[in-house]
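Heads up, the thing below is written out as structure tokens.
Protein chains in written order, with the numbering used here: chain A, 39 to 405; chain B, -3 to 360.
This is the structure:
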């Protein structure tokens, strides 16, 4: 049995070597992609384009504008005399937010009367808008004492503390998710064509004539890709640590175990697709649709699962990346032991076995 | 013209003969849109909260009540000591932890500031930041109930999306993503499949000019793209009830060059690769992923380093998403979107010319 698995694996490796573009893509792509997107992507909102309508033109109002600009979050785009022309600037996306200080601002503050400033913002991107609004609130609250020349005592105050990622850098959050996304897509795509290609090219008959059994063929197809995928996963993890300062606080051994389980699941899913699809085109469609979008959107990589509707939350349980990302964040960022994430590991193991079993059953029918 | 027609018919027959491909083409977008549009939400609610009340007074209990009553939080645990909070945060079962220190009510009774301690799980900065901000909101509401008003108020006025619904922003983006993936997937296999199956030779001996072959391949796929646009748009408008503030015709007009861009990119991939496997890799990794990530669909372009902002200028999806969001949310017309429209037309011409050149190279 081992000899036949080995023979199939060697055949597959030879084929992979001959098609150097594919081999290179499988080996290098995850690393390159991680590098590119790790640098490019971020949720940190800075350089917000601000329009200023200062109808008061006093020292106090200028100080308020200064506070916005000095915060480091805003850059001033235009100063306007009245707020009517704001609409055009917003539609053309010249500005994202506008600060409007009313004409009686100084009069009211020096008389110690309550007043307000207007903050107009583009709400189309609700997430950015929420963040921008938070910044603006903070700045105004911090200026209140200075503007009124009094000490403000608030009844309640929170002393905030952030664990695991004190600077709230989004790269530390995104890089593990990206890693899972890239590994999932590349492992499914790697094997999705493995069987259907033999069929479409007509070499399935030759395979059928050999004494190789379904399970041996499956292993022979999966093992070479598992090797390739593990190498590129290790490279990507190293990169995450070296370039993006993602701290690897937990155990490397557990990290390897979880990653291998995840890769086995991805490769198994690819082979399963390959056994049900009649043409390479269909295999391509199925693998892309079942790996790329669910991993992007249903895994908690970007969009938090707890905010989804209940039906969808249940559905996320069949997305393996969900468990991998959760385990990865626990191991890498929190440095906690398996007692905290063993459920994720078990789930990954179940997923991998179910998928590989399905693939074997289909493979038997194919042969 | 006749030869072109024959080519068209051949492609359509081929599409028809593979019913599964066709099923995937029409069922998948609607299923995906429904799933993804529900999933792609950045409205963060129900942040998991763990509470440790060391004060055990009526004031501290009222504070805990306020946290629990708010829709922003869901209390998952109440623990007796601060150390018991750790496992909740470590396992990710709680994202935010609140500790009310002993003496909280005494400070308040003495007229001083009552301080609470908040810990946020920073491994998900989005949830962490918003969790802290929501907590500030709860404290502020409580302060107002106690009769405290800040003299200087910030009055926010939110344009286009006053309730800050992320759905209105994300769903049009998902629509664009689906058109991109479905049409590129079709056309990227178009030429390379003929090569791999060995029918390319037969095509070469026909009197078809290269342009006719390309046109014959693209027109049926373009039709598929249009049908997909219309079905997904129907779902966006009537199921998700995303308001379309601009004109449907302007949207349709500007969608045409985007579909041509996607088909052209797929065709380019098809001429660049030797096997279908290569075509699949190239279109996924070189063309689709960069478009998804660098188009501003999820990650704002202005946050990217300058180099990537430049790269994103070459990405058709970027312009199309701007168009979609402009028409949907802002009711923008051609007077605002003419630039994006022109760029898409330009890109479409450029991509098709390039694919056409590559195709001739392969013939020689």
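Yeah, the Cβ is synthetic: ideal placement off N, Cα and C, and Gly gets one too.
For residue i, the first and last residue of its enclosing beta strand (DSSP E)
| i | result |
| --- | --- |
| residue 194 (chain A) | 194 to 201 |
| residue 362 (chain B) | It is not possible to answer for residue 362 (chain B), since the shown part of chain B is limited to -3 through 360. |
| residue 62 (chain B) | Run containing residue 62 (chain B): none in the beta strand (DSSP E); it sits in the alpha helix (DSSP H), 54 to 65. |
| residue 319 (chain B) | Premise fails: residue 319 (chain B) lies in the alpha helix (DSSP H), 312 to 321, not in any beta strand (DSSP E). |
| residue 190 (chain B) | Where residue 190 (chain B) is concerned, there is no enclosing beta strand (DSSP E), although the alpha helix (DSSP H) it sits in stretches over 186 to 193. |
Residue i - DSSP class collapsed to helix/strand/coil
| i | result |
| --- | --- |
| residue 283 (chain B) | helix |
| residue 155 (chain B) | strand |
| residue 154 (chain A) | strand |
| residue 88 (chain A) | strand |
| residue 117 (chain A) | strand |
| residue 94 (chain A) | coil |
| residue 229 (chain B) | helix |
| residue 80 (chain B) | helix |
| residue 96 (chain B) | strand |
| residue 137 (chain A) | strand |
| residue 126 (chain A) | helix |
| residue 374 (chain B) | As shown, chain B starts at -3 and ends at 360. That puts residue 374 (chain B) outside it, with no answer to give. |
| residue 91 (chain B) | coil |
| residue 150 (chain B) | strand |
| residue 41 (chain B) | coil |
| residue 251 (chain B) | helix |
| residue 50 (chain B) | coil |
| residue 360 (chain B) | The pLDDT assigned to residue 360 (chain B) is 40, lower than 50, so where the model puts this residue is not dependable; a value taken from the coordinates is nonetheless given after this. Three-state result, residue 360 (chain B): coil. |
| residue 149 (chain A) | coil |
is_contact[residue i, chain B] using C-beta, thresh 7 angstroms
| i | result |
| --- | --- |
| residue 404 (chain A) | no |
| residue 56 (chain A) | no |
| residue 197 (chain A) | yes |
| residue 241 (chain A) | no |
| residue 182 (chain A) | yes |
| residue 372 (chain A) | yes |
| residue 318 (chain A) | yes |
| residue 80 (chain A) | yes |
| residue 164 (chain A) | yes |
Alpha helix (DSSP H) segment containing residue i, residue limits
| i | result |
| --- | --- |
| residue 276 (chain B) | 272 to 277 |
| residue 240 (chain B) | Where residue 240 (chain B) is concerned, there is no enclosing alpha helix (DSSP H), given that its DSSP letter is neither H nor E. |
| residue 184 (chain A) | 164 to 186 |
| residue 7 (chain B) | -2 to 13 |
| residue 246 (chain A) | 242 to 247 |
| residue 254 (chain A) | 252 to 282 |
| residue 70 (chain A) | 58 to 78 |
| residue 213 (chain A) | 208 to 230 |
| residue 299 (chain A) | 290 to 314 |
| residue 205 (chain B) | That residue, residue 205 (chain B), is in no alpha helix (DSSP H); it is neither H nor E in DSSP. |
| residue 144 (chain B) | Neither: residue 144 (chain B) is in no alpha helix (DSSP H) and is coded neither H nor E. |
| residue 403 (chain A) | 376 to 404 |
Within-7 angstroms CB hit, residue i to chain A
| i | result |
| --- | --- |
| residue 114 (chain B) | yes |
| residue 56 (chain B) | no |
| residue 10 (chain B) | no |
| residue 337 (chain B) | no |
| residue 51 (chain B) | no |
| residue 331 (chain B) | no |
| residue 0 (chain B) | no |
| residue 135 (chain B) | yes |
| residue 188 (chain B) | no |
| residue 35 (chain B) | yes |
At least 3 beta-carbon pairs within less than 8 angstroms: the segment 224 to 240 of chain A vs the segment 303 to 315 of chain A
Counting Cβ pairs under 8 angstroms, three or more are found: they touch.
Below 8 angstroms between beta carbons is the criterion; list the residues of the segment 143 to 162 of chain A that meet it against any residue of chain B, in chain order.
Per Cβ criterion, the list reads 147, 150, 151, 152, 153, 154, 155, 156, 157, 158, 159, 160, 161, 162.
So does the segment 197 to 210 of chain A actually touch the segment 163 to 170 of chain A, counting three or more Cβ pairs closer than 8 angstroms?
Taking 8 angstroms as the limit for Cβ pairs, the verdict is that the segment 163 to 170 of chain A does not touch the segment 197 to 210 of chain A.
Please list the residues of the segment 143 to 163 of chain B that have a C-beta atom closer than 9 angstroms to any C-beta atom in chain A, keeping them in chain order.
Under the 9 angstroms Cβ criterion, the segment 143 to 163 of chain B contributes 143, 144, 145, 146, 147, 148, 149, 150, 151, 152, 153, 154, 155, 156, 157, 158, 159, 160, 161, 162, 163.
Would you list, in chain order, the members of the segment 299 to 325 of chain B that have their beta-carbon closer than 7 angstroms to a beta-carbon of chain A?
Cβ contacts with chain A come from 299, 300, 301, 304, 321, 325.
Between the segment 190 to 206 of chain B and chain A, which residues of the former have a C-beta closer than 9 angstroms to a C-beta of the latter?
When C-beta distances to chain A are compared with 9 angstroms, the residues of the segment 190 to 206 of chain B below that value are 192, 193, in chain order.
Below 8 angstroms, can you find three or more Cβ-Cβ pairs linking the segment 278 to 291 of chain A to the segment 372 to 387 of chain A?
A contact between stretches requires three or more CB pairs, one per stretch, nearer than 8 angstroms, and the segment 278 to 291 of chain A meets this requirement with the segment 372 to 387 of chain A.
Beta carbons nearer than 8 angstroms to chain A: which residues of the segment 276 to 293 of chain B have them?
Among the residues of the segment 276 to 293 of chain B, those with a Cβ less than 8 angstroms away from any Cβ of chain A are 276, 277, 278, 280, 281, 284, 285, 286, 288, 289, 290, in the order of the chain.
Which residues, in chain order, does the segment 249 to 265 of chain B contribute to contact with chain A at a C-beta distance below 9 angstroms?
Within the segment 249 to 265 of chain B, no residue has a Cβ that lies closer than 9 angstroms to any Cβ of chain A.
Contact between the segment 86 to 106 of chain A and the segment 57 to 68 of chain A is defined here as three or more beta-carbon pairs at a separation below 8 angstroms; is this criterion met?
These segments do not touch.
Under 8 angstroms, CB to CB, which of the residues in the segment 88 to 104 of chain A have a partner in chain B?
Residues of the segment 88 to 104 of chain A with a C-beta less than 8 angstroms from any C-beta of chain B: none at all.
Note down, in chain order, all residues in the segment 4 to 28 of chain B with a beta-carbon under 7 angstroms from any beta-carbon belonging to chain A.
Per Cβ criterion, the list reads 14, 16, 17, 20, 24, 28.
Cβ-based contacts, 9 angstroms cut-off: residues of the segment 219 to 240 of chain B near chain A
Listed by position, the residues of the segment 219 to 240 of chain B near chain A (Cβ gap below 9 angstroms) amount to none.
Of the residues that make up the segment 344 to 368 of chain A, which ones have a beta carbon closer than 9 angstroms to any beta carbon in chain B?
Under the 9 angstroms Cβ criterion, the segment 344 to 368 of chain A contributes 344, 345, 346, 347, 349, 350, 353, 354, 364, 367, 368.
Cβ contact (3+ pairs, closer than 8 angstroms) linking the segment 49 to 67 of chain B and the segment 82 to 90 of chain B
Using a Cβ-Cβ distance cut-off of 8 angstroms, the segment 49 to 67 of chain B and the segment 82 to 90 of chain B are not in contact, since fewer than three pairs of beta carbons, one from each stretch, lie closer than that value.
Would you check if the segment 256 to 268 of chain A and the segment 334 to 353 of chain A touch, i.e. whether three or more CB-CB distances between them fall below 8 angstroms?
With contact defined as three or more Cβ pairs closer than 8 angstroms, the segment 334 to 353 of chain A and the segment 256 to 268 of chain A are not in contact.
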